[in-house]
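Mapping to numbering that gives the first Met the number 0: the sequence shown position 141 is 140, numbers consecutive.
Even glycine gets a Cβ: it sits at the ideal position worked out from N, Cα and C.
Take a look at the structure set out below.
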Amino acid sequence: MQNYESPHRRYNALTGEWVLVSPHRTKRPWQGKQEDVFLGNRVVHDPNCYLCPGNERASGGRNPEYENTFAFTNDFPALLPENNDLASGDSLFQAHAVKGTSRVLCFSPNHSLSLPEMDLKSITKVIDLWTKEFQELGQKYKWVQVFENKGAVMGCSNPHPHGQIWASDQLPNEASKENLQQEKYFEENQRVLLMDYLEKELEKEERIVAKNDHWVALVPFWAVWPYEVLLVPRRHIKRLPELKDEEKVALAEISKLFLTKYDNLFKTSFPYSMGWHNAPNSIGENAEDDAFDHWQLHAHFYPPLLRSATVKKFLVGYEMLAEAQRDITAEQAAKELRELPEAHYKEAYAQG
Ligand code: H2U
Ligand code: ZN
Numbered sequence: 000m001q002n003y004e005s006p007h008r009r010y011n012a013l014t015g016e017w018v019l020v021s022p023h024r025t026k027r028p029w030q031g032k033q034e035d036v037f038l039g040n041r042v043v044h045d046p047n048c049y050l051c052p053g054n055e056r057a058s059g060g061r062n063p064e065y066e067n068t069f070a071f072t073n074d075f076p077a078l079l080p081e082n083n084d085l086a087s088g089d090s091l092f093q094a095h096a097v098k099g100t101s102r103v104l105c106f107s108p109n110h111s112l113s114l115p116e117m118d119l120k121s122i123t124k125v126i127d128l129w130t131k132e133f134q135e136l137g138q139k140y141k142w143v144q145v146f147e148n149k150g151a152v153m154g155c156s157n158p159h160p161h162g163q164i165w166a167s168d169q170l171p172n173e174a175s176k177e178n179l180q181q182e183k184y185f186e187e188n189q190r191v192l193l194m195d196y197l198e199k200e201l202e203k204e205e206r207i208v209a210k211n212d213h214w215v216a217l218v219p220f221w222a223v224w225p226y227e228v229l230l231v232p233r234r235h236i237k238r239l240p241e242l243k244d245e246e247k248v249a250l251a252e253i254s255k256l257f258l259t260k261y262d263n264l265f266k267t268s269f270p271y272s273m274g275w276h277n278a279p280n281s282i283g284e285n286a287e288d289d290a291f292d293h294w295q296l297h298a299h300f301y302p303p304l305l306r307s308a309t310v311k312k313f314l315v316g317y318e319m320l321a322e323a324q325r326d327i328t329a330e331q332a333a334k335e336l337r338e339l340p341e342a343h344y345k346e347a348y349a350q351g
């Protein structure tokens, strides 16, 4: 094992960016307080929630009495499918039109739940919904960003379990960076970057949070957020629709497991932004020739919490002006998560 006790920078092989790690700072005094345990919102149906079955939405439309999952086009979409052409030729004032759509995905009719509290069958239905939506939108849009904002600190407007999709005809920044890095690695090594990375992580073990036959959840070497997790399939898979049934079940299992550990860490419904990075879609004239063999499907989980249910990490100051920085190492974070109980803390409390 490397000695990572003094300040160093780590390279993010996926994006090509660096992160400053300052492990010695975790020794500084911290007058932490233990928060009260939050047992959560127990209302199964909230008459004022715009995502609960049967309720009215801001658009005036009414949700069906759905029993599992439900998806609709966002009433306030950030992207629109039809758009006027717009182009600016001046290199210092570049702009162009973008076409796309935004969807909202309800994970469960039960207003009180979150993914780790749902049963495996219901989580599998969420995976099926992600897959179906990706497949449909992927016929038309180059980039289909499936994501979830969880918790008020992440700007989530409603506790009802839900995610979103924003799809667009162009690659956004994060996608472009990852595409370039994976493409470059593939050209140089004739191998898939994340597959090689995963193999080495499985050998080293120190950053693994959980694994099963088909998936690995780890705190990446280059993590920026304190308890960031990278979730990767163990087989080379480019996009969600390639998943076999047993891989979906295994995905539900590992997700329930590490998301429960997330909740158990500070005994709170752990906030995060998560999202799937599928390979870009080959559209139109390129549709036959899928040029994304360098890409490995993966999901990122970016939770903001640092030391308790209320103490969050800010990406400010040095981070905005120089580069991202973290104190606890990825290895320490992974160990903490790995050693947490597998049963949800709310269950433990319910049993007394
Ligand atoms: P959050 O996941 O950030 O809470 O966003 C929920 C989305 O739901 C948000 O993008 C949409 C908002 O535009 N929404 C509707 O589509 N219909 C509504 O009636 C309210 C909110
Ligand atoms: Zn609701």
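Asked, Found
"Which term fits GLU204, buried or exposed, when burial requires 16 or more other beta carbons within 10 angstroms of its beta carbon?", "exposed"
"Across the stretch 312 to 330 and the stretch 15 to 27, are there enough close Cβ pairs to call them in contact, namely three or more that are closer than 8 Å?", "yes"
"Can the beta-carbon of SER146 be found less than 8 Å from the beta-carbon of MET273?", "Checking the sequence, you will find Phe at residue 146 rather than Ser. For PHE146 and MET273, yes; Cβs fall inside 8 Å."
"How would you call GLY60, buried or exposed, if buried means at least 16 neighbouring beta carbons within 10 angstroms?", "exposed"
"Looking at C-beta atoms only, is the number of pairs between the stretch 299 to 310 and the stretch 181 to 194 that lie closer than 8 Å three or more?", "no"
"So SER101 packs on ALA77, CB below 8 Å; how close in whole Å?", "5 Å"
"Relative to the C-alpha of GLN138, which candidate in ALA166, GLU182, ARG8 and CYS155 has its C-alpha closest?", "ALA166"
"Look at the alpha carbon of ILE122 and the alpha carbon of LYS176, and state the distance between them as a whole number of angstroms.", "30 Å"
"Pick out every residue whose C-beta is nearer than 5 Å to a heavy atom of ligand 2: which are they, in chain order?", "ASP45, CYS48, LEU50, CYS51, HIS110 and HIS159"
"Please say whether LEU296 and LYS210 have beta carbons closer to each other than 8 Å?", "no"
"Among the candidates MET319, LEU179, ALA251 and GLN163, whose CA atom is the shortest distance from the CA of ASP292?", "LEU179"
"Report the partner residues of ILE207 according to the DSSP bridge assignment.", "LEU217"
"Closest by CA to ARG41, which one among LEU79, ASN2, SER111 and SER87?", "SER111"
"Hey, TRP275 and LEU314 are a contact pair by Cβ (cut 8 Å); roughly how many whole angstroms apart?", "Going by Cβ atoms, the distance from TRP275 to LEU314 rounds to 22 Å, so no, they are not a contact pair."
"Leaving out the 5 sequence neighbours to the left and right, which residues in its chain are closer than 6 Å to TYR261 when beta-carbon positions are compared?", "PHE269"
"Would you call GLU346 buried or exposed, if buried means 16 or more other Cβ atoms sit within 10 Å of its Cβ?", "exposed"
"Candidates PRO219, ASN82 and SER107: which alpha carbon is nearest VAL228's?", "PRO219"
"Going by the CB atoms, is the gap between TYR344 and ASN263 shorter than 8 Å?", "yes"
"Beta-carbon within less than 8 Å of LYS311's beta-carbon, same chain only, minus the 5 sequence neighbours each way: which residues are those?", "VAL152, PRO303, LEU304 and LEU305"
"Provide the residue span of the beta strand (DSSP E) that contains ASN148, from first to last.", "142 to 149"
"According to DSSP, what are the bridge partners of SER21?", "Looking at the DSSP assignment, SER21 forms no beta bridge with any residue, so it has no partner."
"Using only CA atoms, which one of THR328, LEU197, GLU335 and ALA332 lies nearest to ASN2?", "THR328"
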